[in-house]
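Trainee: Please see the structure below; I have some questions.
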DNA sequence: AATAAAAGTCACCGATCGTTGACAAATGGA
DNA sequence: TCCATTTGTCAACGATCGGTGACTTTTATT
């Protein structure tokens with residue numbers, strides 16, 4: 102009979118744990134040191150396995166990086182909102198994405214590597230195109246959509262850079278409430294193009 | 102007599118040209134590919150000299166990087182201004198620094214390398230402490246100075262990241278006038294802490 | 001218990017890196 | 001012209017990198 106063999110619904114078995122260990126170690130080191138700064142040997146050592154296993158499970162360092170950066174990049178959707186609260190909605194989603202979602206580490210990895218890794222840079226541009234632009238576009242002059250989205254991206258990426266990469270003390274010290282209160286209105290202004 | 106021998110006021114001779122060639126090549130490649138991405142051999146090839154000369158003139162890659170990033174980091178001073186135009190003054194100095202000063206390349210080098218090079222990251226924090234904070238501090242509640250300066254830095258660094266590193270098309274396309282008009286008021290708000 | 005597949009170990013390849021030191025060529029003052 | 005200093009060339013070092021393949025151990029099935 103064997104009526105549940107086509108899919109593999111249960112497979113907690115064996116090697117998948119090693120796979121997950123490697124991915125966890127890779128995410129951690131990529132997030133800390135970027136693509137170049139994290140070697141396969143370092144990742145293997147952190148995962149307590151042999152370096153050859155890293156290549157065995159993921160075919161190359163590039164592929165491992167892509168998995169580590171993208172696998173869990175399930176960004177929370179922006180709940181539909183009205184024009185008056187779009188800035189507030191964006192900054193709240195930003196905080197949710199960067200501090201309370203499984204994608205948080207992936208975002209740090211991407212941003213840290215984007216400065217010197219073209220694949221990561223392209224992926225950041227892609228996140229902009231799919232996550233920022235469509236959200237901002239409907240709330241102003243369509244001819245302005247690119248400019249408005251670009252301004253929003255500049256503020257969001259700057260906040261992320263200062264808070265999660267450079268760890269600029271006064272920016273790290275900001276509470277969620279302060280960020281929402283101070284940055285929200287700026288995003289509102291950028292997103293709608295109002296003066 | 103030899104009354105001018107303690108200092109060496111004139112030395113256009115010979116090797117200084119090679120030195121300058123190496124520095125120029127290093128600045129260009131560090132700015133394009135970051136610290137790790139630019140090898141001494143690449144720099145030497147671009148300068149049309151032997152890799153060993155790079156070490157001969159600068160003692161190590163670290164020292165060369167420090168020279169390339171800091172040598173010409175003479176940021177233009179912010180002219181004193183009144184409270185009402187501080188945002189405008191900051192964004193104008195930003196554009197002058199990043200697009201019309203010999204420090205421009207050094208800034209790109211620092212920012213691109215800061216994501217994965219601790220020396221560069223520390224230097225960026227230093228630029229923040231010496232260039233942003235003191236400018237912003239006098240125009241609001243002294244207890245707020247850190248927060249206000251941090252918000253200003255987040256917007257400035259974000260703009261630089263999008264425009265000069267990631268080259269996000271809509272941000273690259275912004276004219277100086279647009280940037281001054283759109284970002285200036287935001288910096289004004291951040292710097293003064295007004296609502 | 002026998003056995004085939006899976007999982008893990010180990011030594012090593014070729015490439016590239018920063019750096020060194022021995023040596024040759026060019027330079028300039030005596 | 002002689003000679004010492006500067007300037008440039010060359011080969012190679014040790015280390016590290018990503019990646020490969022042969023091998024042994026474990027696991028699971030019959």
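Chains as they are written, first to last, in the working numbering: chain A, 102 to 296; chain B, 102 to 296. For every residue, glycine included, the Cβ atom is placed at its ideal position computed from N, Cα and C.
1) In or out: residue 268 (chain B) buried (at least 16 other Cβ within 10 Å) or exposed?
2) For a test of your reading of the model: does the CB of residue 288 (chain B) fall under 6 Å from any non-hydrogen atom of the ligand GTP? Yes or no.
3) Quick one: Cα of residue 281 (chain A) to Cα of residue 211 (chain A), how far?
4) Against chain B, with Cβ distances strictly below 7 Å, would residue 289 (chain A) count as a contact?
5) Less than 6 Å between C-beta atoms, sequence neighbours within five positions excluded: which residues of the same chain meet that for residue 108 (chain A)?
6) Does the distance from the C-beta atom of residue 130 (chain A) to that of residue 150 (chain A) stay below 7 Å?
7) Considering only their Cβ atoms, is the gap separating residue 188 (chain B) from residue 256 (chain B) smaller than 7 Å?
8) Suppose you measure from the CA of residue 154 (chain B) to the CA of residue 270 (chain A); what does that come to, to the nearest Å?
9) Between the Cα of residue 274 (chain B) and those of A:278, A:279, A:247 and A:276, spot the shortest distance and give me the residue it belongs to.
10) Please confirm if residue 256 (chain B) has its CB atom under 7 Å from at least one CB of chain A.
11) For a test of the three-state rule: what should DSSP assign to residue 271 (chain A), helix, strand or coil?
12) Which residue from B:134, B:190, B:120 and B:294 puts its Cα closest to that of residue 156 (chain B)?
13) Fully enclosed by the segment 168-204 of chain B, which alpha helix (DSSP H) runs are 4 residues long or longer?
14) Measuring CB to CB, does residue 170 (chain A) end up less than 7 Å from residue 207 (chain A)?
15) Put residue 224 (chain B) into one of helix, strand or coil per three-state DSSP.
16) Buried or exposed: which applies to residue 148 (chain A), given that a residue is buried once 16 or more other Cβ atoms fall within 10 Å of its Cβ?
17) Under 7 Å, Cβ to Cβ, is there at least one residue of chain A near residue 137 (chain B)?
18) Starting from the C-beta of residue 253 (chain B), find all residues in its chain whose C-beta is less than 8 Å away, skip the five residues before and the five after it, and write them out in chain order.
19) May I ask which residues mark the beginning and end of the alpha helix (DSSP H) holding residue 158 (chain A)?
20) Please check the pair residue 266 (chain A) and residue 213 (chain A), which I expect to be a contact at CB under 8 Å, by giving their CB distance rounded to whole angstroms.
21) With DSSP run on the structure shown, which of helix, strand or coil describes residue 162 (chain A)?
22) In angstroms with no decimal places, state the Cα-to-Cα distance between residue 160 (chain B) and residue 141 (chain A).
23) Kindly give me the distance between the Cβ atoms of residue 165 (chain B) and residue 262 (chain A), rounded to whole angstroms, as I take these residues to be in contact under 8 Å.
24) Which residues of the segment 222-239 of chain B have a Cβ closer than 9 Å to any Cβ of chain A? Give them in chain order.
25) Of the residues B:158, B:197 and B:235, which one's Cα is nearest the Cα of residue 177 (chain B)?
26) For residue 115 (chain B), does the count of other Cβ atoms within 10 angstroms reach 16, so buried, or fall short, so exposed?
27) Could you check which residue in B:226, B:202, B:235 and B:168 has the C-alpha nearest to that of residue 175 (chain B)?
28) Quick check on residue 276 (chain A) - is its C-beta less than 7 Å from some C-beta in chain B?
29) So, is the C-beta of residue 243 (chain B) closer than 7 Å to a C-beta in chain A?
30) Would you decide whether residue 284 (chain A) is buried or exposed? Buried here means 16 or more other CB atoms lie within 10 Å of its CB.
31) Please confirm whether residue 203 (chain A) has its beta-carbon closer than 7 Å to some beta-carbon of chain B.
32) Would residue 121 (chain B) count as contacting chain A if we go by Cβ distances under 7 Å?
33) If you draw a straight line from the alpha carbon of residue 126 (chain A) to that of residue 278 (chain B), how long is it in whole angstroms?
34) Span of the alpha helix (DSSP H) holding residue 126 (chain A)?
35) With a threshold of 7 Å on Cβ separation, who are the neighbours of residue 162 (chain A) within its own chain once the five nearest residues in sequence on each side are excluded?
36) Can you tell me whether residue 241 (chain B) is helix, strand or coil according to DSSP?
Mentor: If we stick to the structure as given:
1) Counting Cβ neighbours within 10 Å, residue 268 (chain B) comes out exposed, since fewer than 16 surround it.
2) The ligand content of the structure shown is nil, which means the ligand GTP is not present either.
3) Answer to the nearest angstrom: the Cα atoms are 24 Å apart.
4) So no, residue 289 (chain A) is outside the interface.
5) Bear in mind that a pLDDT of 40 at residue 108 (chain A), under 50, signals an unreliable position, so the number given afterwards is only what the model happens to contain. There are no such residues.
6) In this structure, residue 150 (chain A) does not lie closer than 7 Å to residue 130 (chain A) by Cβ.
7) No, they are not a contact pair.
8) So the alpha carbons of these two residues sit roughly 40 Å apart.
9) Of A:278, A:279, A:247 and A:276, the residue nearest in Cα terms is A:247.
10) Yes, residue 256 (chain B) counts as interfacial toward chain A.
11) Note: residue 271 (chain A) maps to helix in three-state DSSP.
12) Of all alpha-carbon atoms in B:134, B:190, B:120 and B:294, the one lying nearest the alpha-carbon of residue 156 (chain B) is that of B:120.
13) Within the segment 168-204 of chain B, the runs of alpha helix (DSSP H) that reach at least 4 residues and sit entirely inside it are, in chain order, 187-200.
14) Contact check for residue 170 (chain A) against residue 207 (chain A) passes: the beta carbons are separated by less than 7 Å.
15) The answer is helix: DSSP assigns residue 224 (chain B) an H, G or I state.
16) Buried, since its Cβ has 16 or more Cβ neighbours within 10 Å.
17) Judged by the 7 Å Cβ criterion, residue 137 (chain B) is in contact with chain A.
18) Answer for residue 253 (chain B): 191, 233, 237, 288, 291 and 292, listed in chain order.
19) Unbroken alpha helix (DSSP H) run through residue 158 (chain A): 152-158.
20) By a beta-carbon distance limit of 8 Å, residue 266 (chain A) contacts residue 213 (chain A). Their separation comes to about 6 Å.
21) Three-state result, residue 162 (chain A): helix.
22) In a straight line, the C-alpha of residue 160 (chain B) is about 30 Å away from that of residue 141 (chain A).
23) The Cβ separation is near 26 Å, so there is no contact.
24) Within the segment 222-239 of chain B, those residues whose Cβ lies closer than 9 Å to any Cβ of chain A are, in chain order, 222, 225, 226, 229 and 234.
25) Checking every option, the nearest Cα to that of residue 177 (chain B) belongs to B:197.
26) The residue in question, residue 115 (chain B), is exposed, as its Cβ has fewer than 16 Cβ neighbours within 10 Å.
27) When only C-alpha atoms are compared, the closest one is B:202.
28) No, because no Cβ of chain B sits closer than 7 Å to the Cβ of residue 276 (chain A).
29) False, the Cβ-Cβ gap to chain A never drops below 7 Å.
30) Per the 10 Å Cβ criterion, buried.
31) Using a Cβ-Cβ cut-off of 7 Å, residue 203 (chain A) does not count as an interface residue toward chain B, since no Cβ of chain B sits closer than that to its own.
32) Taking Cβ atoms only, chain A never reaches closer than 7 Å to residue 121 (chain B), which makes this a no.
33) Answer to the nearest angstrom: the Cα atoms are 46 Å apart.
34) For residue 126 (chain A), the uninterrupted alpha helix (DSSP H) segment begins and ends at 116-138.
35) Excluding positions up to five away in sequence, the list reads 141.
36) In the structure shown, residue 241 (chain B) falls within a coil segment according to DSSP collapsed to helix, strand and coil.
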